[in-house]
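Down below is the structure, laid out as structure tokens.
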Amino acid sequence: MAAQGPHHIVFANEKGGTGKSTTAVHVAVGLAMQGAKVACIDLDSRQRTLFRYLENRAATAARRDVDLPTPLFEALEQDSQDELEQQIARMGEGMDFLLFDTPGRDDPHARFVATMSDTLVTPINDSFVDFDLIGKVDAESFEVTKISFYAELIWEARTKRARQDGKSIDWVVLRNRMHNMEARNQQRVGSALDALAKRVGFRVIPGLSERVIYRELFPSGLTLLDKGHLGQLGTSHIAARQELRALISALHLKLAVDA
Ligand SMILES: Nc1ncnc2c1ncn2[C@@H]1O[C@H](COP(=O)(O)OP(=O)(O)OP(=O)(O)O)[C@@H](O)[C@H]1O
Ligand SMILES: [Mg+2]
2 MAAQGPHHIV FANEKGGTGK STTAVHVAVG LAMQGAKVAC IDLDSRQRTL
52 FRYLENRAAT AARRDVDLPT PLFEALEQDS QDELEQQIAR MGEGMDFLLF
102 DTPGRDDPHA RFVATMSDTL VTPINDSFVD FDLIGKVDAE SFEVTKISFY
152 AELIWEARTK RARQDGKSID WVVLRNRMHN MEARNQQRVG SALDALAKRV
202 GFRVIPGLSE RVIYRELFPS GLTLLDKGHL GQLGTSHIAA RQELRALISA
252 LHLKLAVDA
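Right under this line is the structure:
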């Protein structure tokens, strides 16, 4: 796989706080644990959540003197696109996967890497507030009435990519922070997503459930996959680990180690 360059996975949504960084970290660590060579670039130079998470992880490994599979990681170093391209080439060297976390706002680098992506993951929370960026629904019936600007932007990125090298982008909308309450709203958002998926051409996959542990692990940089390092975990965390594995497998990534 490395001979053709790494598979690019971009986590993007112009809406803030939808779970890009959390999902990106878990996917990156999960792939590294499966034996893949993984590197990450954090394009959110202000918040640097992914960078800081992995920095915390490296510090925990050193402090406890344990081996924690950790992807290579860097934050955006310079502001020019030329320099970003150089960073991409350098970080991607010999890697199976190169992941990008992007800011929750319109950003030129995020647009650029979206065009370069092989897999584009857009996490959204099960809410019509998040849905609004990709589609509009009727106020009474909740039927999809219109495609929104972000879906159009991704459409353009795909068209551009197809013109550039004939490759297609697998656009995956990931439903983050699902929970059992508000079942009716969840169902409505689900139906609207399915309807829009057909029109715009994305896939919908289940993401992470709403769990406090996803917020708690940041200071240590650990993930639910780090068995043996987390202390005593309840059974709900076993279910969480399961959903994490299901998420990674739903991305349909080809692991060189499987080949
Ligand atoms: N499944 C989850 N369960 C509980 N908390 C979550 C979950 N996913 C994300 N969070 C929390 O929600 C907040 C936003 O998540 P995150 O930082 O991953 O979003 P983001 O899309 O990267 O945000 P931004 O656009 O600001 O970069 C964080 O506090 C994170 O810990
Ligand atoms: Mg983020």
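Residue numbers (this note's numbering): 2 to 260.
C-beta atoms are modelled at their ideal positions from N, C-alpha and C, and glycine is treated no differently.
Note that this is a predicted model, so its numbers are computed, not measured.
>> Which residue marks the beginning of the alpha helix (DSSP H) containing Gly17, and which one marks its end?
In response: Neither: Gly17 is in no alpha helix (DSSP H) and is coded neither H nor E.
> Does ligand 1 have a heavy atom nearer than 7 Å to the CB of Asp45?
Replying inline: yes
> Is Ala193 helix, strand or coil when you go by DSSP?
Replying inline: helix
> Alpha carbon to alpha carbon, how far is Leu261 from Ile148?
Replying inline: There is simply no residue 261 to check, as the chain begins at 2 and stops at 260 in what is shown.
>> Does chain C have any CB closer than 8 Å to the CB of Ala63?
In response: As a matter of chain content, chain C is missing from the structure shown, which is built from one protein chain.
> Alpha carbon to alpha carbon, how far is Ala253 from Val145?
Replying inline: According to the sequence provided, residue 253 is His. The question's Ala does not apply to it. Each residue's alpha carbon lies about 27 Å from the other.
>> Mapping the DSSP letters down to three states, classify Lys161 as helix, strand or coil.
In response: helix
>> Is it buried or exposed, Ile239, if we count other Cβ atoms within 10 angstroms and call 16 or more buried?
In response: The residue in question, Ile239, is exposed, as its Cβ has fewer than 16 Cβ neighbours within 10 Å.
> Listed in chain order, which residues are found with a beta carbon closer than 5 Å to a heavy atom of ligand 2?
Replying inline: Lys21, Ser22, Thr50
>> With H, G and I counted as helix, E and B as strand and the rest as coil, what does DSSP make of Thr103?
In response: coil
> In whole angstroms, what is the alpha-carbon distance linking Cys41 and Glu75?
Replying inline: 6 Å
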